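Single-structure report; data block below.
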Amino acid sequence: MDETDLQFEGHEGTIVGRRWQRDTDGADGPSGGDPTYIALIVHGYGEHCGRYAHVARRLVDDGAVVYAVDHVGHGRSEGERALIDDIETVCEDVHLLEGLARGEHPTLPLVLIGHSMGGLIAARYAQRWGDGLACIVLSGPVIGTWAPLDGLLAADVIPDVPIDPAVLSRDPAVGQAYLDDELVWHGSFKRATLESLRHAMGNVRASGPVDDPLLWIHGEEDRLVPIAGSRIGWRDLKGRHSSAKSYPGARHEIFNETNQDEVIGDVVAFIHEHVPQPVA
């Protein structure tokens, strides 16, 4: 798998991302050297797209060319750390990424995969530009209600409560890698970011269902974004071509869970339902 950097000017400065694709000799994957679809991965709050390299590898092995960016204020992109003033403009940055990907592969169908805050972004994106997508996957999305949000915003001063790595996965190595990752934000939430999340959640509720193929997946033991709150949002968002699956015992980062092979396999199977596959 080849991994290359990319960058473009977003709404608040330079956005840095990555492209993953097959080796140039075409040895990887089931259909030679030519990709059969595009996948955009949208990461969550405080992290960066490099944490999804293993997901990208599985998708590349399946025939995808994969694109992802670090959101404004995240990872290697410009902007104040962990500050997002408006989810709508982040969606527009992702739309620029889509344009870049389609410019390089104009005939390929496109799949959108978002996790956590990225799931909220993907949900809103699907409401705005879903007609151009083959399918959308929401992993542990911040939709519906999010219990910690109102409590944090009600405080005069946002308490210093960084994300506990233990809530991410049953695999302790995942939490340790998260702590050791210098590109991850380990500080407290910023009020403007929380307000933008609340506003975007309201926009998703107000904008109604997505009739394009949509999959919601969630860990049943997710204590960071509890499944009950997301279920409320799913009732408003799901359309005629929606499906859902939850994973008993799994925590928030289901792509990094002990059953990650099952989760990623379910995503690939869903993609296969909506993206034409090459004839062997």
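Residue 138 in the working numbering is what sits at position 138 of the sequence shown, and the numbering runs on without skipping anything. Where is the CB? At the ideal position from N, CA and C, for every residue including glycine. Quantities reported herein were computed from a predicted structural model and do not represent experimental measurements.
Out of curiosity, what's the CA-to-CA distance linking residue i and residue j?
{"i": "Ile163", "j": "Leu108", "result": "37 Å"}
{"i": "His272", "j": "Val210", "result": "19 Å"}
{"i": "His43", "j": "Phe270", "result": "19 Å"}
{"i": "Pro278", "j": "Arg22", "result": "16 Å"}
{"i": "Gly249", "j": "Asn259", "result": "10 Å"}
{"i": "Ile264", "j": "Ser243", "result": "15 Å"}
{"i": "Val275", "j": "Cys135", "result": "8 Å"}
{"i": "Asp181", "j": "Gly140", "result": "21 Å"}
{"i": "Pro291", "j": "Val268", "result": "Absent from the structure is residue 291, since the part of the chain shown begins at 1 and ends at 280."}
{"i": "Glu92", "j": "Asp212", "result": "19 Å"}
{"i": "Gly130", "j": "Ala166", "result": "34 Å"}
{"i": "Val94", "j": "Leu6", "result": "13 Å"}
Under three-state DSSP, which class holds residue i?
{"i": "Leu214", "result": "strand"}
{"i": "Gln127", "result": "helix"}
{"i": "Phe189", "result": "coil"}
{"i": "Asp5", "result": "strand"}
{"i": "Tyr37", "result": "strand"}
{"i": "Gly17", "result": "strand"}
{"i": "His54", "result": "helix"}
{"i": "Ala177", "result": "helix"}
{"i": "Ala154", "result": "helix"}
{"i": "Ser207", "result": "helix"}
{"i": "Ser246", "result": "strand"}
{"i": "Asp85", "result": "coil"}
Please classify residue i as buried or exposed, where buried requires at least 16 other C-beta atoms within 10 Å of its C-beta.
{"i": "Gly99", "result": "exposed"}
{"i": "Ala82", "result": "buried"}
{"i": "Gly151", "result": "exposed"}
{"i": "Gly26", "result": "Confidence in Gly26 is poor, its pLDDT being 48 and thus under 50, which makes the residue's placement too unreliable to answer from."}
{"i": "Val16", "result": "buried"}
{"i": "Val157", "result": "exposed"}
{"i": "Arg251", "result": "buried"}
{"i": "Arg240", "result": "exposed"}
Do residue i and residue j have their CB atoms nearer than 7 Å?
{"i": "Ala122", "j": "Leu112", "result": "yes"}
{"i": "Val184", "j": "Glu47", "result": "yes"}
{"i": "His115", "j": "Ile38", "result": "no"}
{"i": "Arg205", "j": "Asp236", "result": "yes"}
{"i": "Leu168", "j": "Val161", "result": "no"}
{"i": "Tyr45", "j": "Met117", "result": "yes"}
{"i": "Pro35", "j": "Ala64", "result": "yes"}
{"i": "Gly229", "j": "Gly144", "result": "yes"}
{"i": "Ser207", "j": "Ile87", "result": "no"}
{"i": "Leu133", "j": "Leu110", "result": "yes"}
Is the stretch 5 to 17 close to the stretch 68 to 81, with three or more CB pairs under 8 Å? The stretch 5 to 17 is in contact with the stretch 68 to 81.
Cβ contact check for the stretch 204 to 220 and the stretch 183 to 194: 3 or more pairs under 8 Å: These segments do not touch.
Mind the definition here: the stretch 224 to 238 touches the stretch 254 to 270 only if three or more C-beta pairs lie below 8 Å; say whether that holds. No: fewer than three Cβ pairs fall under 8 Å.
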